[in-house]
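Line by line, the protein sequences are chains A and B. Sequential numbering of the first sequence, starting at 825, is according to my numbering. Sequential numbering of the second sequence, starting at 5, is according to my numbering. C-beta atoms are modelled at their ideal positions from N, C-alpha and C, and glycine is treated no differently. It should be emphasised that the depicted structure is a prediction, and the values quoted were computed from it without experimental measurement. So the structure is just underneath, and the comments pick up after that.
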Amino acid sequence: MDLSFIGFFLVKGLEISSPIAFSAMGGVFSERGGVVNIALEGIMTVTALTLVWGAITFQSIWVGLLVAVITGMLMGLIHAVVTVTFKVDHVVSGVAINVFAIGLSRFLCQSFFGAETQSKINPFLFPKLLGINSLAFWLIPAAALGWFLLYRTVFGLRLRSVGENPEAADTLGVNVTLLRYAGVLISGALCGVASATLFADKWITGMVAGRGFIALAAVIFGRWDPVGAVLASLLFGYADTVRIVFASKIPIPDQFIQMFPYILAVVVLAGIVGKSRAPAWDGRNYEKGED
Amino acid sequence: MARHRRRFGVYALEQSAPFIGFLASAAVLTLIIIGLGENPGKAFQGIYKFSLSDAAKLAAVLSISIPYYLSGLSIVIAFRAGVFNIGNEGQYFIGGMVGAIAGTYFHLPPVLHIPVVIIFSMIGGALWALVPAVLKAVRGIHEVITTIMFNNIALALVNYLVNGPLSGLQKGTSLEPQMKKLLPSAMFGKLNGFFRSIGWNVPNYVYLDYSLIVAIVMGVAVWFLLFRTRQGFEIRAVGTSLDVSRYAGIQVGRVQIGAFMLSGAIAGLIGLQEIFAIRGFYTYNLASGLGFDGIAISLIAKNSPIGIVFSSVLFAFLKQAGYGLQLFSKVPNSVTYAIQGIMILFIVAINEILIRAARGLRKKEVG
């Protein structure tokens, strides 16, 4: 194994980890504000489509990215309205949005491209750096920025307080509703970025393939911390990279190698969760003046 | 008397979310149809023609609703215990495979063979739910994540087994990968003759098979368990409040593991119709997504074993409606998926609003 191969493996792993990592970071912001967002998967499905549509229509992948981020925020807005304003159970809303997203993305694909299960080829791609989608390299500054936003800004402090103890935050004049909306919208926007690091050249139904759910595991494994979530995502991403790079070289049936990241996720969760604590009001709705 | 009527009014208000939600999403569908430049009258006529217009169409809707009902039922029992079993997708792939193994390799008379494959399907589904159940109860790991991982593991596992050790194909054949054909004694017969004898003209190509009986028996059994037994009371108590249940001395972990595995056992039955009545062999290419549909079906019916009769028929109808729309208008089939999601969101949101309104009314009444 020569050096260039190791380099290729490292860089490729970063690319494969990115969709999981960006959406996991989104999950962190949403859950730190107290809203569980299992709709990451569905949101990415839709943004992956609008990305391709935006890029083809405006002949620029950057506009495509902007469109994806905006649609991600709109999808997040649905989740926020249903959970924060109407106080529906977060997991229920997330499941419904995932169902909705399957239909919506196929419907939009049909309307935009005349076919239900795949889009046209998008020739406007992100520039490549070291042979991979350069957007993947944003992951490192994004993680730093996420950490800074959450732990070093007033917004971050308030967001965390809303997820830990909304009652106390409310008493101190923090707008619980507004902050919870913000957390969910950030997660939607990051899903847009995440889908842009997937395969920007074409949308195919089912292309997100469970990455949004793996991201949820990464949120927990990363202890609801932006940097931790990114590191956890790298673990899953590199496990997947091993599968892709070595699949033909290992004498194990392909299907077992496919299972590997999922089994890893379960084992990791089983081993870590005792030590990992969710924000106290994660997944719980807050009602002013209850009791 | 007036007071009674008032109470009933409040109760009706609380229960009416599914109907209002259904109407609201039908309105959204109408808007979409108009937005696509179609005549809604024509589109709805297409839906009617394809799903409700005669006995055969209605029978087809009932046939499609059978796996939906079983999937919804498996979610009902889990939800009632406060367990979010997103894993019934994987559980029915595994359950169906275990049932098919019993149906292929056991030599039994039909009278025994059919119950045996049903029981084996249930065991398979229950065992696939075991690990997520234990991890939830013992380690507190959220079942949504573990069951999704187990779904993916299940799909890869059945893919391996059907292609490898359990493959029933001779070398060189070009059929899709599948297990050996089921023994005739394990095949589910049809009830079409019975329905014809009572005056419902069900054509031969519609599958109203023994899985309909299984669904009815399971529905009654789950209803009885939940509302007429101590175990069922414990399940509902755990689902309502963990803390109260703990104080009341209920062993929360044990109840949740039990309900989780029961949910998996019923999920194991989702594939019965496709495997034992329609295909006659097991493949990993079973209809996918039925597990997720069950979540929606259960939510829409507010997790009631009786209510899901209606929501599973509704979903079967929507499926046919999607084809009807596609055939008779420019509206693509995918719209019906989107409408399903919108319907759940409407129903759960409206439900919260109505419950709040009803609570307000009750307070007024007391005060």
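Query                                                                                                               : Result
N208/B versus L329/B, I304/B and A60/B, residue with shortest Cα-Cα distance                                        : A60/B
Partners in chain B for S1057/A, counting only beta-carbon separations shorter than 7 Å                             : Under the 7 Å cutoff, chain B gives no residues; its nearest Cβ is about 14 Å from S1057/A.
Closer than 7 Å at the beta carbon, the chain A residues around P113/B                                              : In chain order: nothing, as chain A lies at least about 36 Å away.
Chain B residues whose Cβ lies nearer than 9 Å to that of V912/A                                                    : L349, V352, A353, N355 and E356
N163/B - DSSP class collapsed to helix/strand/coil                                                                  : helix
Residue-chain proximity (R930/A, chain B), Cβ-Cβ < 8 Å                                                              : yes
C-beta neighbour in chain B for V916/A, strict 8 Å                                                                  : yes
I844/A, DSSP secondary structure in three states                                                                    : helix
Under the three-state DSSP convention, the category I304/B falls into                                               : helix
Backbone CA spacing between G272/B and I880/A [nearest angstrom]                                                    : 44 Å
is_contact[I134/B, chain A] using C-beta, thresh 8 Å                                                                : In the sequence as presented, Ile is not what sits at residue 134/B; that position holds Leu. L134/B does not count as touching chain A.
C-beta neighbour in chain B for G801/A, strict 8 Å                                                                  : For residue 801/A there is no data in the structure shown, the boundaries of chain A being 825 and 1115.
First and last residue of the uninterrupted alpha helix (DSSP H) at R258/B                                          : V256 to A271
8 Å Cβ cutoff met for G857/A and L983/A                                                                             : yes
Close-in-space but distant-in-sequence residues of the same chain around R930/A (CB under 8 Å, 5 per side omitted)  : E940, T941 and T1029
8 Å Cβ cutoff, L1040/A in contact with chain B                                                                      : yes
Expected contact under 8 Å - CB spacing of I863/A and G918/A to nearest Å                                           : In the sequence as presented, Ile is not what sits at residue 863/A; that position holds Ala. So it is a contact: roughly 4 Å between Cβ atoms.
Whole-angstrom C-beta distance between V859/A and V1008/A, which should lie under 8 Å                               : 5 Å
Supposed close pair A225/B, I118/B - CB separation, criterion 8 Å                                                   : 17 Å between Cβ atoms; not a contact.
Proximal residues to A1039/A (C-beta, below 6 Å), its chain only, five neighbours per side dropped                  : I844, S847, A848, G851 and L864
Enclosing alpha helix (DSSP H) for R1047/A [first to last residue]                                                  : That residue, R1047/A, is in no alpha helix (DSSP H); it is neither H nor E in DSSP.
Inter-residue spacing [alpha-carbon to alpha-carbon] between G203/B and Y327/B                                      : 28 Å
Same chain only: Cβ atoms within 7 Å of L873/A, ignoring 5 sequence neighbours per side                             : S929, L932, C933, S943 and W1027
Beta-carbon neighbours of Q1082/A, restricted to chain B and to distances below 7 Å                                 : A160
Listed by chain order, chain A residues near A320/B by CB distance under 8 Å                                        : Chain A residues near A320/B: none, gap ~16 Å exceeds 8 Å.
Q277/B: CB within 7 Å of a non-hydrogen atom of the ligand GDP                                                      : Absence of the ligand GDP from the depicted structure is noted, as is the absence of any ligand whatsoever, leaving it without description.
Assumed close pair I3/B, A920/A - CB separation to whole angstroms, cut-off 8 Å                                     : Summary: the structure shown does not reach residue 3/B, with chain B confined to residues 5 through 371, and so no result is reported for it.
Secondary structure of D1025/A, DSSP reduced to three states                                                        : coil
Contact between the segment 20 to 36 of chain B and the segment 302 to 319 of chain B (3+ Cβ pairs under 8 Å)       : yes
Interface flag, Y3/B vs chain A, CB-CB below 8 Å                                                                    : Within the shown structure, residues of chain B are numbered from 5 to 371, placing residue 3/B beyond reach of any answer.
CB contact below 8 Å: D1115/A versus chain B                                                                        : Bear in mind that the predicted position of D1115/A carries a pLDDT of just 44, short of 50, making it unreliable; the figure below should be weighed with that in mind. Not one chain B Cβ lies under 8 Å of D1115/A.
I862/A at chain B interface by Cβ criterion, 8 Å                                                                    : yes
S249/B versus L139/B, V221/B, G86/B and I105/B, residue with shortest Cα-Cα distance                                : G86/B
Strand pairing of S171/B, partner residues [DSSP]                                                                   : M183/B
Contact check, R820/A vs F1045/A, beta carbons under 8 Å                                                            : Nothing about residue 820/A can be reported from this structure: the residues present for chain A run from 825 to 1115 only.
Cβ contact check for the segment 66 to 74 of chain B and the segment 37 to 48 of chain B: 3 or more pairs under 8 Å : no
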